[in-house]
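Enquirer: Have a look at this one.
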Amino acid sequence: MTAATLRFDRETLLAAARERTGLTDFGNTWFLEPMDRYIQAANAQGNLTEAGFAGQTESILKGLASRLRMVEDIRLHPEILDEKVEVAAIILGLPRTGSTIFHRLLASAPGMTAIRWYEAQNYAPLPGDEPGNPKARRAYAEAMIEGWLNLSPELASIHPLDPDAPDEEIIILGQLFITTMVEAMTFVPDFASWLNGYDQSQGYEDLKVILKYLQWQDPSRRGRKWVLKSPSHLPYTEAVASAFPQAALVMTHRDPLEVVPSYVSMEAALYKLNSTHSDEAVGAFWFPRLAEWMHRFEEARARIGEDRFIDIDYREVARQPLAQATRVLTHIGIPVDDQVEAALAEFMAGNRREQRPMHDYSLARFGLDEATVRDAFTSYRQRYITKD
Numbered sequence: 002m003t004a005a006t007l008r009f010d011r012e013t014l015l016a017a018a019r020e021r022t023g024l025t026d027f028g029n030t031w032f033l034e035p036m037d038r039y040i041q042a043a044n045a046q047g048n049l050t051e052a053g054f055a056g057q058t059e060s061i062l063k064g065l066a067s068r069l070r071m072v073e074d075i076r077l078h079p080e081i082l083d084e085k086v087e088v089a090a091i092i093l094g095l096p097r098t099g100s101t102i103f104h105r106l107l108a109s110a111p112g113m114t115a116i117r118w119y120e121a122q123n124y125a126p127l128p129g130d131e132p133g134n135p136k137a138r139r140a141y142a143e144a145m146i147e148g149w150l151n152l153s154p155e156l157a158s159i160h161p162l163d164p165d166a167p168d169e170e171i172i173i174l175g176q177l178f179i180t181t182m183v184e185a186m187t188f189v190p191d192f193a194s195w196l197n198g199y200d201q202s203q204g205y206e207d208l209k210v211i212l213k214y215l216q217w218q219d220p221s222r223r224g225r226k227w228v229l230k231s232p233s234h235l236p237y238t239e240a241v242a243s244a245f246p247q248a249a250l251v252m253t254h255r256d257p258l259e260v261v262p263s264y265v266s267m268e269a270a271l272y273k274l275n276s277t278h279s280d281e282a283v284g285a286f287w288f289p290r291l292a293e294w295m296h297r298f299e300e301a302r303a304r305i306g307e308d309r310f311i312d313i314d315y316r317e318v319a320r321q322p323l324a325q326a327t328r329v330l331t332h333i334g335i336p337v338d339d340q341v342e343a344a345l346a347e348f349m350a351g352n353r354r355e356q357r358p359m360h361d362y363s364l365a366r367f368g369l370d371e372a373t374v375r376d377a378f379t380s381y382r383q384r385y386i387t388k389d
């Protein structure tokens, strides 16, 4: 297969998803517009390898298949839409700000729940799954992680990959071809630029339905409070705040001088899974993109109002994780008793940073320097980091 033939085609992908599932109804097809925009950018800019093209094709097909299966399940079980889901907190903030460990810490508390990584990859049951035993989805997730680490071993030091651990709903939204998960996995600057002006609201409405669907699959979640998390909500904070008006918005903070090289390093490792791009090209795209995310967020936060936000400093999470978790849990109505404290402590004992390889990164590797980063994040650093 040559580079000229590594091209996505919408109708081919839709037909393949129908063939995979034996189903035909995608429900509301609003997602076709962002799908077309992604395909256009990926074909022009993705620079995918043959293996990368196959991997991204599978990523698209699993999302389309999940949608077909969910629409069919809702047709057969309309009570899915009656599930009462309470999203109590949404963690956002720049990536690499400790949000993953904090998300998983909150989700470990009795009375809380979150989307698991294997569910984010396939939110509809696969053939072979059984009620209470999603063995096919777990096997799919385990094979996916093994493949990722074979291609990009440094991911083990950057992001803890665990099929059963809480992870980001942005993985699901990316399967709908919206939000920044798409640009995180494929180098598509044109798509990212288009996404800035796209109305994200329909995607978040679909996410509400998907959360009901996941809760219906696992009735033990009924009555628990959901905690969502993704830095990729940052540039679209108003959309997620509007979709979940009762949720506390938990903002995690870390110095961009550390965030930028850490995240650009992560993106370089992710792109390595499916394409070939220089470190300088990755830095030249992602540094201004992160600055743009923050500027959009700062403007949105001023419009939303301070009462929706809880600020969490990365340094305080490192020093006193249980105290910071208690702040959030108390705010969202989870009484922190001995049982909760024991669960939080047990989680932290098994999830310390030193239990994973060290993540090595630098600005210079990506053609960046400290003065430029300081300048781009001046207002953010003054308010949340240096406080001078």
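In the working numbering, the protein residues as written are 2 to 389. Don't be surprised by glycine CBs; every beta carbon is placed ideally from N, CA and C.
(1) Quick one: which unbroken beta strand (DSSP E) runs of 3-plus residues sit fully inside the stretch 194-262? Chain order, please.
(2) Please return the same chain residues whose Cβ sits closer than 7 Å to the Cβ of E184, not counting the five positions on each side in sequence.
(3) How about the stretch 292-304 and the stretch 372-381: do they share at least three Cβ pairs that are nearer than 8 Å?
(4) Compare the Cα-Cα distances from E206 to each of R222, M267, N151, I179 and report the closest residue.
(5) Out of H278, Y237, P336, T327, which one is the CA nearest neighbour of R304?
(6) Assign P154 to one of two classes, buried (16 or more other C-beta atoms within 10 Å of its C-beta) or exposed (fewer than that).
(7) Classify R19 as helix, strand or coil using the three-state DSSP reduction.
(8) Let me confirm a value: E51 is counted as buried when at least 16 other C-beta atoms fall within 10 Å, else exposed. Which label applies?
(9) Is it true that the stretch 96-110 meets the stretch 326-337, where meeting means three or more beta-carbon pairs spaced less than 8 Å apart?
(10) For the putative contact between A115 and L127, defined by C-beta atoms under 8 Å, what is the C-beta separation to the nearest angstrom?
(11) If contacts are defined as beta-carbon pairs under 8 Å, then I91 and F245 qualify, I think. What distance do you get, rounded to the angstrom?
(12) Just list the alpha helix (DSSP H) runs in the stretch 106-160, keeping only unbroken ones of 4 residues or longer that don't cross its boundaries, in chain order.
(13) According to DSSP, is S363 part of a helix, a strand, or is it coil?
(14) Taking just the CA atoms, how far does I172 sit from M113?
(15) Alpha helix (DSSP H) containing G175: first to last residue?
(16) Under 8 Å, with one C-beta from each stretch per pair, do the stretch 306-321 and the stretch 63-76 reach the 3-pair mark?
(17) Cβ of G284 within 7 Å of any heavy atom in the ligand MG?
(18) So, with DSSP's three-state summary, where would you put R357?
(19) According to DSSP, which residues form a beta bridge with I92?
(20) Ordered along the chain, which non-local residues of its own chain (more than five positions away) have a Cβ less than 7 Å from that of A344?
(21) Does the distance from the CB of A292 to the CB of V189 come in under 8 Å?
(22) Drop a sphere of 10 angstroms on the beta-carbon of M2, count the other beta-carbons inside from all chains shown, and report buried for 16 or more, exposed for fewer.
(23) Give every residue of the same chain whose Cβ lies closer than 8 Å to the Cβ of T410, excluding the five residues on either side of it in the sequence, and list them in chain order.
(24) Per DSSP, what kind of secondary structure is D10 in: helix, strand or coil?
(25) According to the Cβ coordinates, are G204 and L174 closer than 8 Å?
(26) Would you decide whether K85 is buried or exposed? Buried here means 16 or more other CB atoms lie within 10 Å of its CB.
(27) So what does DSSP say about P35, is it helix, strand or coil?
(28) Which residue's Cα is closest to the Cα of D168: Q218, F103, R38?
(29) Write down the C-beta distance between W287 and R38 rounded to the nearest angstrom, noting that I regard them as a contact closer than 8 Å.
(30) Per DSSP, I313 forms a beta bridge with which residues?
(31) Between P132, G129, L156, A121, which has its C-alpha nearest A142's C-alpha?
(32) Is E87 helix, strand or coil when you go by DSSP?
(33) Look up P1 in the DSSP assignment and say whether it is helix, strand or coil.
(34) Could you compute how far the alpha carbon of S279 sits from the alpha carbon of D165?
(35) What's the C-alpha gap between A18 and K63?
(36) Alpha carbon to alpha carbon, how far is V251 from W227?
Expert: The structure says:
(1) 226-230, 249-254
(2) F192, A193
(3) yes
(4) I179
(5) Y237
(6) Label assigned to P154: exposed.
(7) helix
(8) exposed
(9) Yes, the stretch 96-110 touches the stretch 326-337.
(10) Not a contact, Cβ separation roughly 21 Å.
(11) 6 Å
(12) Note on the stretch 106-160: whole alpha helix (DSSP H) runs with a minimum of 4 residues are 118-122, 136-152, 156-159, in chain order.
(13) coil
(14) 20 Å
(15) 171-175
(16) no
(17) Ligands in the displayed structure: none, and consequently the ligand MG is not present.
(18) Because R357 carries a pLDDT of 42, less than 50, the predicted location of this residue cannot be relied on, and no value is offered for it.
(19) K230, V251
(20) S109, A110, P111
(21) no
(22) Any reading at M2 must be qualified, since the residue scores a pLDDT of 45, below 50, and its modelled position is unreliable; the value itself is stated next. Counting other Cβ atoms within 10 Å of its Cβ, M2 stays below 16 and is therefore classed as exposed.
(23) For the chain, the structure presents residues 2 to 389; residue 410 sits outside this window and is missing.
(24) coil
(25) yes
(26) Taking a 10 Å sphere around the C-beta of K85, we find fewer than 16 other C-beta atoms and assign the residue as exposed.
(27) helix
(28) F103
(29) In this structure W287 is not in contact with R38, their Cβ atoms being roughly 20 Å apart against a cut-off of 8 Å.
(30) T253
(31) A121
(32) strand
(33) Outside the shown range of the chain (2 to 389) lies residue 1, about which nothing can therefore be said.
(34) 33 Å
(35) Roughly 8 Å between the two C-alpha positions.
(36) In a straight line, the C-alpha of V251 is about 13 Å away from that of W227.
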